[in-house]
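Participant:
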Amino acid sequence: MADVNIDYVLDANVVMSMLISGRSQYRRVFRAYNLYSTNFLYTELEKYRTIILQKSRSDREIFQDFGVSLFRHLCVIPELLIEEIHWEEARFYCEGIDPKDVAYVALSISLDIPLLTRDKPLCTGLRKKGFRNALLFNDFLTLQQ
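Numbers 18 to 162, taken from my numbering, label the letters of the sequence shown in order.
(1) State the start and end residues of the unbroken alpha helix (DSSP H) segment that holds aspartate 24.
(2) Thinking C-alpha only, which one of Ile23, Arg48, Phe57 and Gly147 is nearest methionine 33?
(3) Look up glycine 142 in the DSSP assignment and say whether it is helix, strand or coil.
(4) According to the Cβ coordinates, are leucine 52 and cysteine 92 closer than 8 Å?
(5) Might you give, ordered along the chain, the residues of its own chain that have their beta carbon closer than 8 Å to the beta carbon of tryptophan 104, omitting 5 neighbours on each side?
(6) If you check the beta carbons only, do glutamate 96 and isoleucine 126 fall under 8 Å apart?
(7) Quick test of your reading: alanine 151 and leucine 160, contact by CB under 8 Å. State the CB separation rounded to the nearest angstrom.
(8) So, with DSSP's three-state summary, where would you put alanine 19?
(9) Identify the residues that DSSP records as bridge partners of threonine 134: which are they?
(10) Out of Phe109, Glu78 and Leu158, point me to the one whose CA is closest to threonine 139's CA.
(11) Have a look at glycine 39 and lysine 64 and give me their C-alpha separation to the nearest angstrom.
(12) Of all the options Gln42, Val31, Tyr50 and Val46, which has the alpha carbon lying nearest to the alpha carbon of isoleucine 130?
(13) Let me confirm a value: leucine 98 is counted as buried when at least 16 other C-beta atoms fall within 10 Å, else exposed. Which label applies?
(14) In whole angstroms, what separates the C-alpha of cysteine 111 from that of arginine 74?
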């Protein structure tokens, strides 16, 4: 694989798109890297549960098997383990962009690893504010080829 980083923070939109698509290539991504997220991921998945299930083209059993195979390789870090200084920095970066993404940015700062997102306005906005540790998921996938 082309990318030298082996650790990434995933935001909810990446995980949701993987669950919806059910593509086997995502299993390889999950096995090849150390992937992290915050417990806010669960809130987002529950919020969009109906949409995820409706958009998934897999039957329920295949969907569940695929989802479990992905989550076996995803480490969810409780937000209480992220230091307040990293929350403050993340709030600064996310202000005026998307406050829902503060937890993911805070975890990225805390672990000092890149954030993978499908949210182009977030990625662009973070970069404009000086946060360089964000990468669009599609760009990441292109690097893997």
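All residues carry an ideal CB built from backbone N, CA and C; glycine is no exception.
Facilitator: Concretely, from the data shown:
(1) From DSSP, aspartate 24 is part of no alpha helix (DSSP H) but of the beta strand (DSSP E) over 24-27.
(2) Phe57 is the residue among Ile23, Arg48, Phe57 and Gly147 whose C-alpha sits nearest the C-alpha of methionine 33.
(3) Three-state result, glycine 142: helix.
(4) Contact: yes.
(5) When the five nearest sequence neighbours on each side are left out, the beta carbons in the same chain lying within less than 8 Å of the beta carbon of tryptophan 104 are those of Val119 and Ala123, in order along the chain.
(6) Against a cut-off of 8 Å, the Cβ pair of isoleucine 126 and glutamate 96 comes out as no contact.
(7) That belief does not hold up - the Cβ atoms of alanine 151 and leucine 160 are roughly 14 Å apart, past 8 Å.
(8) Confidence is the limiting factor: at alanine 19 the pLDDT is only 44, short of 50, which leaves the residue's position unreliable and the question unanswerable from this model.
(9) Residue pairing by DSSP puts threonine 134 in a beta bridge opposite Leu153.
(10) According to the sequence shown, residue 139 is leucine rather than threonine. It is Phe109 whose Cα lies nearest to the Cα of leucine 139.
(11) In a straight line, the C-alpha of glycine 39 is about 19 Å away from that of lysine 64.
(12) The closest CA to that of isoleucine 130, considering only Gln42, Val31, Tyr50 and Val46, is found on Tyr50.
(13) An exposed status is given to leucine 98, since fewer than 16 other beta-carbon atoms sit within 10 Å of its beta-carbon.
(14) Going by the C-alpha atoms only, they are around 33 Å apart.
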